[in-house]
Amino acid sequence: MSTLFQDLKYGVRMLGKNPGFTAVAVLTLALGIGANTVIFSVINGLFLHPPGLPNPARVVAVRGKYDKLGLKSIVISAPDFAAIRDSKKIFAAAAIENTSDFNYTAGDWPQRLQGAMVSWQWFDVFGARPLLGRTFTQAEDQPNANHEVVLAYAAWQRWFGGDRGVVGRTIQLNEQPFKIVGVMGPEFRWPDSADLWTPIGLAPEAFSPNNTFNESYFAVARLQPNVTMAQASAYVGVLARRVIDDPRTSYAKDSGWGVFILPLVDFIYGNLRAPLLILASAVGLVLLIVCANIAGLLLARATGRGRELAVRAALGASRRRLVRQALAESALLSLAGILVGLLAAGFGINALMLIAPKQLATAGSFPLDWHVLMFTVGLGAAAVFLFGLMPAWQMSRVEPYRVLRGSDRTTAGGRQRHRLRSFLVVGELAMGLVLLAGTGLLLKSLKQILTVDPGFQPTGVMTAGLSLPDRQYSTKEKQFAFFRSVMDSLSHAPGVTAVGAGYPVPFTGGNGSASFQIEGRPTGPGDPGPHGNIRFVTGGYFAALAIPLLEGRIFNQNDRIGSEPVAIVDKNLAREYWPDQDPIGQKIRNERNGSWATIVGVVGHIRFNQLAGEESSSGLSESAGKGAYYYPLFQKQAPFGYFLVKSGAGPAAQADLIRRAVQSVDSNQPISNVKSMDERIATSLAPQRFAATLLAVFAGLAVLLAALGLYGLISHNVAQRTSEIGIRMALGASRAEVLSLFVKEGLRLALTGIAVGIAIAFVLAQLLASLLYGVKPVDPLTFIAVSLILTAVALLACYIPARRAAKIDPMVALRYE
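Per our numbering: the sequence shown = residues 47 to 863.
In structure tokens:
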């Protein structure tokens with residue numbers, strides 16, 4: 047142990063003698079370790095140890111599907127939930143949730159709060175305990191008894207200033223009294239946007255078998271301690287098979303219906319898994335480049351320390367002792383890199399959240415907890431061997447006789463160190479090209495997405511959501527009158543060119559779908575019948591979004607309750623179900639015994655939630671998207687929806703205009719989710735921008751480090767060959783020839799690294815396939831472009847020291863050393 051302390055003490059002294067080298071090594075190492083720590087902390091906070099979710103692998107999302115309708119993952123029905131809830135041997139707890147916003151009118155302005163109506167075991171599933179008070183009881187989760195509320199931590203701080211006496215108070219939500227029974231801690235964010243939770247209070251008839259295919263609820267469950275995911279999945283399959291095999295529910299088999307489970311974190315954050323793994327691989331490559339750079343610096347430093355090492359060896363230091371001494375210095379560098387890297391990671395996480403997509407930014411904090419600290423320490427320990435072992439082995443092979451004679455630089459030891467540094471530089475350049483290629487592919491994919499036509503014109507369109515309370519607006523006539531009054535006020539505002547209303551609205555996250563019937567086309571056995579996305583809109587909806595009318599007419603003010611039911615279909619639905627006939631005049635309906643609606647128009651298809659492809663129904667390509675059909679808002683429903691206003695005013699003025707129009711009709715009604723359509727589309731692209739931006743940053747960093755490694759190698763080579771350069775020039779070599787000598791050496795290494803990098807990138811590019819749109823993983827133009835970029839950077843890195851070599855005075859060079 048005493049010799050270890052001696053080695054560490056000696057290592058501190060030696061590193062202190064060369065502060066420039068030490069600072070460069072520590073800072074570059076901190077950069078690599080910090081970047082890895084940031085990405086791992088996000089992965090840890092989402093998938094491994096998410097806050098507010100103990101044992102995340104035990105909590106599952108319960109999902110439904112209709113394979114023959116192209117619906118791969120949807121919410122489930124109350125009867126499906128009951129089957130899961132009652133399976134006590136498999137599930138320790140189960141609960142459902144239905145998002146339900148609330149109007150809160152206690153402040154200066156009415157607010158729209160994001161609420162979640164949940165069954166009473168919701169918090170038990172997550173293993174959550176309230177910070178204050180309690181959660182719900184089973185008795186409170188009943189119809190007409192569900193007037194309790196649990197507040198989210200942020201809402202408690204925002205509305206009540208963190209007053210711990212808030213439990214027991216009553217607040218007005220949707221103009222009804224709700225008693226506050228508890229406050230959750232800051233770590234509980236399920237769902238992440240909720241301001242509050244209330245009991246869902248489903249009526250007994252909701253669990254009737256007749257509602258098996260009436261899917262409305264997001265369901266979660268916690269597995270029993272002795273049950274594996276595979277066992278639970280198999281059991282859920284058995285439950286689904288009972289429904290499929292029941293002759294009374296033949297629709298289940300006809301439509302490809304089913305129920306399945308998956309880990310909750312995979313369901314919520316599964317779309318972030320691939321980008322994060324790509325980024326984790328990228329920062330891993332950056333760290334390897336950092337380690338290769340530091341190893342190169344240590345090898346170069348070993349040349350300068352040759353006499354010191356030779357003296358130590360001559361005085362009896364064993365090879366093992368020399369290796370241990372070198373590793374001790376590497377360990378000290380790594381320790382400093384870890385400390386600085388952790389400090390940088392703290393700032394890095396905050397910076398990351400500034401550009402993160404909403405899904406990631408609202409997921410909660412990503413603290414540097416002990417899991418992250420252990421990862422960082424392990425990374426630092428691995429780095430010691432990655433950058434320290436090779437130089438330590440080389441330093442231990444010192445030959446005292448040759449070094450003390452001054453011949454080591456031109457013998458096997460010096461040449462071997464040069465070959466090792468060259469090998470490291472080739473590796474750095476290869477890894478840099480891999481990251482450059484990945485960045486190029488993602489950027490080209492993003493460019494392709496930005497050229498996609500959404501099918502409507504988003505510019506100048508502002509959207510704002512509104513939901514009317516049932517107590518005050520208890521009839522459709524009252525609801526319709528409210529919407530008409532607001533729209534009339536908006537349409538007369540200066541500069542407004544179109545006003546509409548509807549639900550859902552593009553790029554708001556909703557896109558309801560439903561089966562329907564076509565008059566005169568009874569469905570046969572095994573046929574689930576027609577299916578499409580369903581929307582409720584006014585005629586102004588099409589005008590505000592400039593959705594083209596291809597045939598017939600759009601809705602007008604006469605399409606209301608009491609008039610003949612009408613509908614509009616988009617061109618994709620028309621092509622799928624009326625490929626050889628005119629859909630105008632055809633009749634459809636949703637309810638089996640409902641009224642038939644006559645199709646009066648055909649409009650263009652629009653992208654609804656993403657530009658890069660949509661779910662498809664049979665017969666349509668994925669990029670085409672599932673067809674949609676529209677009903678008049680004032681014939682079918684109106685308790686909630688979105689206003690759409692098109693004008694030349696700025697977003698702030700448009701939002702204020704909608705707010706004032708609503709307030710002029712009813713001062714107690716707030717608007718929510720106020721965003722321009724351009725902003726909504728930009729938000730949908732945030733994950734792609736996020737991945738491309740970060741990968742570009744890491745690729746730029748990797749190329750810079752690789753270039754510095756090449757620059758350092760050529761510079762060191764110039765310094766070692768100063769005498770040779772003088773002799774060459776004394777014998778008649780021109781400065782151009784000397785310049786060419788070193789540029790060619792560096793270029794040879796660069797081209798070798800690029801060739802190796804291209805080979806690796808061809809293989810690894812396939813991992814990006816799921817993130818690309820309109821671009822093949824092996825895109826020749828991208829690979830050529832990044833190869834040229836790296837070649838240009840390498841030439842610059844070689845030229846600077848080569849130019850310095852060409853300027854050497856032969857007389858000075860011949861006197862070198």
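Idealized CB from N, CA, C, for every residue including glycine.
None of these values were measured; they are calculated from a predicted model.
Item	Value
Cβ of Val105 within 8 Å of Cβ of Ile130?	no
When DSSP labels each residue in this structure, what does Gly598 get in the three-state scheme?	strand
Should Arg59 go down as buried or exposed, given a rule of 16 or more other Cβ atoms within 10 Å for buried?	exposed
Using a threshold of 8 Å, state whether the C-beta atoms of Asp702 and Pro504 are closer than that.	no
Confirm, please, whether the CB-CB distance from Gly799 to Ala476 is below 8 Å.	yes
Would you mind sorting Glu661 into buried or exposed? The rule is 16 or more other CB atoms within 10 Å of its CB.	In this prediction, Glu661 has a pLDDT of 42, which is less than 50 and means its spatial position is unreliable; what the coordinates show is noted afterwards. Looking at its Cβ environment, which holds 16 or more other Cβ atoms inside 10 Å, Glu661 is buried.
Nearest to Ile846 by CA position, among Asp825, Ile760, Gly803, is which residue?	Ile760
Let's test the definition: count the other Cβ atoms within 10 Å of the Cβ of Thr457 and tell me whether it reaches 16, buried, or not, exposed.	With a pLDDT of only 48 at Thr457, under the threshold of 50, the placement of this residue in the model should not be trusted; the figure read from the coordinates follows. Per the 10 Å Cβ criterion, exposed.
Any contact between the segment 265-282 and the segment 120-127? By contact I mean 3 or more CB pairs, one from each, below 8 Å.	yes
Quick check on Val284: buried or exposed, where buried means 16 or more other Cβ atoms within 10 Å of its Cβ?	exposed
For Pro245, report the span of its alpha helix (DSSP H) as first-last.	Premise fails: Pro245 lies in the beta strand (DSSP E), 242-245, not in any alpha helix (DSSP H).
Whole angstroms are fine: how far does the CA of Arg530 sit from the CA of Lys522?	12 Å
Using only the alpha-carbon positions, how far apart do Phe553 and Met508 sit?	12 Å
Rounding to the nearest angstrom, what Cα-Cα distance links Ala229 and Leu178 in this structure?	Sequence check: residue 229 is Val here, not Ala. Those two C-alpha atoms are separated by around 5 Å.
Starting from the C-beta of Ala589, find all residues in its chain whose C-beta is less than 6 Å away, skip the five residues before and the five after it, and write them out in chain order.	Ala544
My guess is that Pro733 and Pro321 are in contact by the Cβ rule of under 8 Å, so how many angstroms apart are they, rounded?	6 Å
Leaving out five residues on either side along the sequence, give the residues of the same chain with a beta carbon under 6 Å from the beta carbon of Gly473.	Ala338
Which same chain residues end up closer than 6 Å to Val195 when comparing Cβ atoms and leaving out the 5 residues on each side of it in sequence?	Phe224, Ile226, Leu242, Thr244
How about Gln160 and Tyr150: do their beta carbons lie closer than 8 Å?	no
Alpha carbon to alpha carbon, how far is Ala429 from Leu470?	15 Å
Leaving out the 5 sequence neighbours to the left and right, which residues in its chain are closer than 6 Å to Tyr819 when beta-carbon positions are compared?	Ser491, Gln494, Ile495, Ala658
Applying the 10 Å Cβ sphere with the 16-neighbour rule, what's the burial state of Glu143?	buried
Comparing the C-beta of Glu565 with each C-beta of chain B, is any distance below 8 Å?	In the displayed structure, chain B is absent; only one protein chain is listed.
Below 8 Å between beta carbons: does that hold for Leu325 and Leu406?	no
Is it buried or exposed for Ile830, if we count other Cβ within 10 angstroms and need 16 for buried?	exposed
Is the beta carbon of Gly650 closer than 8 Å to that of Ile593?	yes
What is the DSSP secondary structure of Pro96, counted as helix, strand or coil?	coil
With DSSP run on the structure shown, which of helix, strand or coil describes Arg204?	helix
Do the segment 832-847 and the segment 783-797 make contact, defined as three or more Cβ pairs closer than 8 Å?	yes
Use the C-beta contact count for Arg204: other C-beta atoms within 10 angstroms, 16 or more gives buried, fewer gives exposed.	exposed
Can at least three beta-carbon pairs, one atom from the segment 253-263 and one from the segment 271-285, be found at a separation below 8 Å?	no
Classify Tyr56 as buried or exposed, calling it buried when 16 or more other Cβ atoms lie within 10 Å of its own Cβ.	exposed
Would you tell me roughly how many angstroms separate the C-alpha atoms of Phe582 and Ala152, rounded to the nearest one?	32 Å
Can you give me the start and stop residues for the beta strand (DSSP E) that Leu814 sits inside?	It is not in any beta strand (DSSP E) - Leu814 carries neither H nor E in the DSSP assignment.
Going by Cα to Cα distance, which pick from Ile854, Arg366, Leu334 is closest to Ile773?	Ile854
Pick out whichever of Gly383, Ala752, Leu514 has its Cα sitting closest to the Cα of Glu221.	Leu514
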